[in-house]
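2 protein chains.
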Amino acid sequence: MADARSAGLRMSGEQRKALIMKVAAELFDTRGYSDAPMEAIAQQVGIRKASLYYYFPSKDALLVQMHQEMIDLIIDAQQHRLDEGGMGPRELLLAIMTDLVSLMETHPGHLRVFFEHFRELPDTVRDEIAGKRDRYLQMLVDVLDRGVAEDEFRVADPRLTALAVLGMCNWTYQWFRPGGERDAAEVARYFYDTLLGGIGDGQHA
Amino acid sequence: MADARSAGLRMSGEQRKALIMKVAAELFDTRGYSDAPMEAIAQQVGIRKASLYYYFPSKDALLVQMHQEMIDLIIDAQQHRLDEGGMGPRELLLAIMTDLVSLMETHPGHLRVFFEHFRELPDTVRDEIAGKRDRYLQMLVDVLDRGVAEDEFRVADPRLTALAVLGMCNWTYQWFRPGGERDAAEVARYFYDTLLGGIGDGQHA
DNA sequence: CCTACCGATCGGTAGG
DNA sequence: CCTACCGATCGGTAGG
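This is the structure:
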C-alpha cells in the first residue's frame with residue numbers, strides 16, 4: 001500500500017481511462033505513435049504496463065479512440081450550427097476556422113496525432129475516418145457554395161479554397177502553442193480576415 | 001551471377017545511393033520512418049539489408065540527408081532570386097508558393113517525411129534544420145514586409161500571414177497527388193490569387 | 001491491477 | 001556487396 005503507485009489518486013474506471021488517453025496523446029505527440037512505448041504511458045499514469053490492457057484491449061485502440069473523438073467533435077459542432085440555423089455563410093466559415101484552431105487549446109497533442117498517425121490506424125477504422133474527413137470537407141465546401149450563392153463570397157473553385165482554409169487552420173499544429181501572444185480564436189479571426197479581404201492592395205490588382 | 005539480385009542493373013555508387021534515397025523516401029512516406037524497416041528498403045532496391053550499410057552509415061543518415069536536401073533546395077531557390085534581383089514582392093511571393101507546392105511533383109514522399117519526421121532527427125541535426133526553417137520563414141516575412149513598404153500588400157501581422165501561406169502550401173502534402181486535374185503550379189497560382197484578392201465580396205465587407 | 005514472461009521485429013556488426 | 005548473427009525493444013498474454 002505504500003509503493004510508488006499508491007501515491008496516485010484512486011480513480012474510477014472512467015477517470016483512469018481519461019487519464020490514460022491524455023497521457024497517451026501527449027506521448028504520441030512528442031515521440032510519435034510507434035516510438036511511444038506502452039511502458040512509458042503506464043509509467044506516466046502510475047500503473048504497470050500490463051494493467052493498461054485492463055482498460056484498453058490494445059495500443060491501436062488508444063489511437064482509434066483519439067481519431068474518433070476528434071473528427072466527431074468537429075463534425076458535430078458544425079452539424080449543430082446547421083441544425084440551429086440562423087447563421088450566414090460568413091459566420092459559419094469563421095466558426096469552422098475557430099473550431100479547428102481551438103483544438104490546439106482544448107485537445108493538446110491530439111491534432112498532431114490526428115494528422116500524422118492516420119495511416120497507422122487499422123484498415124477498417126481508417127476507411128471509416130476517411131469517410132468522415134470527406135464529409136467534413138464537404139461541409140466546408142457547402143458553406144463556401146452557399147456564400148457564393150448569396151453573393152457573400154467570390155470563389156472560383158470551392159474545393160481548392162476549402163483545402164486552402166484547412167491548410168491554414170490545420171497547419172497551426174506545427175507552430176501554435178497555447179499561452180502565446182494570441183489565443184486560438186484570435187489566430188482564427190486573423191486568418192479569416194486575411195482570407196476574406198485578401199492582402200493585395202486593390203489599386204495594383 | 002544468376003541470382004535474383006543480379007537482375008538489377010549494375011550501378012555506380014552514386015547511382016545506387018540515389019536509388020536508395022528514392023526508395024527510402026517512398027517507404028518513409030507510406031509507412032512512416034519507424035515502421036519502414038531497412039530490410040524493406042533493401043528488398044526494393046534489390047540488395048541485402050547489410051549492404052545498405054556500405055552506402056549509408058545508419059538509418060538516421062537517410063533521414064538526415066532528406067531533410068538537408070529539402071530545406072537547402074527551397075532556401076537556395078529563394079536566395080538565388082534575391083541575388084538576381086529584379087523581382088517585385090508579388091512575383092517573389094508567387095515564386096515561393098510555387099516552389100513549395102512543386103516539391104510534391106519533384107520530390108515525391110519527401111515532403112511528408114520533412115514535416116512528419118522532423119522529431120526523429122538526431123539532436124544536433126534537428127537544431128541545424130530548425131535554424132534553416134526559421135531562416136526560410138524569415139525570408140517569406142521579408143517578402144511580405146517589402147510588399148507592405150512598397151504599397152503592394154496590406155498585412156497587419158506579417159509573421160501570422162507567412163504562417164498562413166506556409167499552411168496553405170505545405171498542407172498540399174496531405175491531399176495533392178501528381179497527375180490530378182491541376183498541376184502544382186496551378187494550385188500555387190490559385191492559392192496566390194485567393195490570398196491576394198480575398199474571397200469576400202467587396203460590397204459586404 | 002500486478003508479476004513474470006514470450007515471440008517477433010529490427011537496427012546494426014563481424015568477417016569476408 | 002553477402003552470410004550469419006546479436007542485443008535490445010516492445011506489444012501483448014498467462015495467471016492470479
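Chains as they are written, first to last, in the UniProt record's numbering: chain G, 1 to 205; chain F, 1 to 205. Ideal Cβ placement from N, Cα and C applies to all residues, glycine included. If you're wondering where the values come from, they're calculated on a predicted model, not measured in any experiment.
Original post:
Counting only beta-carbon atoms, is G:Val155 nearer than 8 Å to chain F?
Top reply: yes
Subject >> G:Gly131 versus G:Ile71, G:Leu100, G:Phe153, G:Ser102, residue with shortest Cα-Cα distance >> reply: G:Ile71
**OP:** Quick one: give me the first and last residue of the alpha helix (DSSP H) that F:Ser102 is part of.
**Re:** 89-106
Subject >> Residue-chain proximity (F:Thr194, chain G), Cβ-Cβ < 8 Å >> reply: yes
**OP:** Please look up how many angstroms separate the CB atoms of G:Met38 and G:Val113, rounded, as I've assumed it's under 8 Å.
**Re:** About 15 Å separates the two Cβ atoms, so there is no contact after all.
**OP:** List the endpoints of the continuous alpha helix (DSSP H) containing G:Arg126.
**Re:** 123-149
Original post:
Using a beta-carbon distance below 8 Å, is G:Ile199 in contact with chain F?
Top reply: yes
**OP:** Give me the Cα-Cα distance between G:Ser102 and G:Glu116, rounded to the nearest whole angstrom.
**Re:** 18 Å
Original post:
Do we get a CB-CB distance below 8 Å when we pair F:Ala164 with the residues of chain G?
Top reply: yes
Original post:
Which same chain residues, not among the five before or five after F:Asp99, have their C-beta less than 6 Å away from its C-beta?
Top reply: Ile74, Ala77
Original post:
Which residues in chain G sit within 8 Å of F:Leu103, going by Cβ to Cβ distance?
Top reply: Going along chain G, no residue has its Cβ under 8 Å from F:Leu103, so there is no contact; the nearest lies around 15 Å.
Original post:
Near G:Ala40, which residues of its chain fall below 8 Å by C-beta distance, leaving aside the five closest residues on each side in sequence?
Top reply: Leu27, Arg31
**OP:** Return the bridge partner residues of G:Gly200 from the DSSP annotation.
**Re:** F:Phe153
Original post:
Ends of the alpha helix (DSSP H) at G:Arg159?
Top reply: 158-170
**OP:** Give a yes or no on whether the C-beta atoms belonging to G:Phe153 and F:Ile199 are separated by under 8 Å.
**Re:** yes
Original post:
Is any beta-carbon of chain F found at less than 8 Å from that of G:Tyr53?
Top reply: no
**OP:** Hey, could you find the ends of the alpha helix (DSSP H) G:Arg112 is sitting in?
**Re:** 110-116
Original post:
What residue range is occupied by the uninterrupted alpha helix (DSSP H) comprising F:Ile74?
Top reply: 59-84
Subject >> G:Asp134 at chain F interface by Cβ criterion, 8 Å >> reply: no
Original post:
Among residues of its own chain, excluding the 5 on either side of G:Tyr192, which ones have a beta-carbon nearer than 6 Å to its beta-carbon?
Top reply: Leu94, Met97
**OP:** Can you give me the start and stop residues for the alpha helix (DSSP H) that G:Tyr55 sits inside?
**Re:** 49-55
**OP:** For the alpha helix (DSSP H) holding F:Glu14, just list the boundary residues, first then last.
**Re:** 13-31
**OP:** Just the C-alpha distance for F:Leu63 and G:Gly85, rounded to the nearest angstrom, thanks.
**Re:** 50 Å
Subject >> Neighbour flag for F:Gly179 against chain G, beta carbons, 8 Å >> reply: no
Original post:
At a Cβ cut of 7 Å, what residues of the region 13-44 of chain F count as close to chain G, listed as they run along the chain?
Top reply: Gly32, Ser34, Asp35
Original post:
To which residues of the same chain is G:Gly167 closer than 7 Å at the C-beta, ignoring the five residues directly before and after it?
Top reply: none
**OP:** Please list, in chain order, all residues of the same chain as F:Leu52 whose beta carbon is under 6 Å from its beta carbon, the five residues on each side excluded.
**Re:** Met38, Ala42
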